[in-house]
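In the UniProt record's numbering, the protein residues as written are 1 to 288.
Written out as structure tokens, the structure is:
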């Protein structure tokens, strides 16, 4: 893809539930003669109030819990494509995996097809501000009348990180030494990709159970890879990416002139891509 210089980047692109309360006469026999008792509506007892209060608190708690969960869902248009399913992991233990094997054109092709890093989708200005924070230096779609920005799914970059680690195990082969992303790559570059994967695993926190068995001939318990994991439907995500792909419409990128000018200053505030420390969010408050 060709990158062109651009001088100015500032232009824009039930029915209600019915409850029947049976009230019991709380008067003890003998406190009033029969003739002195009057038919009247009893005041609600403390137990009545307590039960209603408990129900109300449960409803309110559920309501705010749902709001809290919704607020913490990752921003992004691909939420509409999320479908969960139970899946058993393969390629572990005695199972073979189609993505494991010696370095070769065939193996590289499988990983390239899996990652499919070339698909981009468009992000509206308001969404970009929420996710990135600095539209002044954002990567805009050239000549887009709506002033939208480029975006891609994190999962595809995380798969790219796995591929980097896979290839790094074959550093003794000239095939990967000075090829693609490995040109001038250092140990620190590989470590950065490992950090991204570590944080992604901690972020999703797979709670599927790992169990163990004694196996004849082994002096140590063996892992049983039989658990079902709650997974997103990968085909559904790929279909969404294909439907929203704009890469075929893009012929070039427009780099602002200040980017490579050592004497120039970037517009707006410090860009999200320049952040060194992680952003920590607690109780829906985020500290940069």
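Virtual Cβ for every residue (Gly too), placed ideally from N, Cα, C.
query: How would you call residue 140, buried or exposed, if buried means at least 16 neighbouring beta carbons within 10 angstroms?
result: buried
message: What does the alpha-carbon distance come out to for the pair residue 194 and residue 204?
response: 16 Å
query: Shortest alpha-carbon distance to residue 331 belongs to which of 267, 250 and 232?
result: Nothing can be reported for residue 331: it is not among the residues displayed for the chain, which extend from 1 to 288.
DSSP three-state assignment for residue 265, whether helix, strand or coil: coil
- prompt: Could you give the distance in angstroms between the alpha-carbon of residue 85 and the alpha-carbon of residue 230?
  reply: 6 Å
- prompt: Does DSSP put residue 70 in a helix, in a strand, or in coil?
  reply: Any answer about residue 70 is weak, because its pLDDT of 44 lies below 50 and its placement is not dependable; what the coordinates show is given next. DSSP places residue 70 in helix when its eight states are reduced to three.
field: Close beta carbons around residue 237, own chain, < 8 Å, minus the five adjacent residues each side
entry: 78, 81, 82, 153 and 155
message: For a test of the three-state rule: what should DSSP assign to residue 158, helix, strand or coil?
response: helix
query: residue 188 to residue 168, Cα distance in whole Å?
result: 12 Å
- prompt: What is the DSSP secondary structure of residue 23, counted as helix, strand or coil?
  reply: Note on residue 23: pLDDT 43, under 50, position unreliable in the model; the coordinate value appears next. In this structure, residue 23 counts as coil in the three-state DSSP scheme.
- prompt: Nearest-angstrom Cα distance between residue 128 and residue 268?
  reply: 14 Å
- prompt: In three-state DSSP terms, what is residue 104?
  reply: coil
message: Quick check: what's the CA-CA separation for residue 223 versus residue 111?
response: 27 Å
message: With H, G and I counted as helix, E and B as strand and the rest as coil, what does DSSP make of residue 146?
response: coil
task: Assess, as a yes-or-no matter, whether the segment 235-253 is touched by the segment 115-125 under the definition of 3 or more beta carbon pairs within less than 8 Å.
output: yes
Residue 213, DSSP secondary structure in three states: strand
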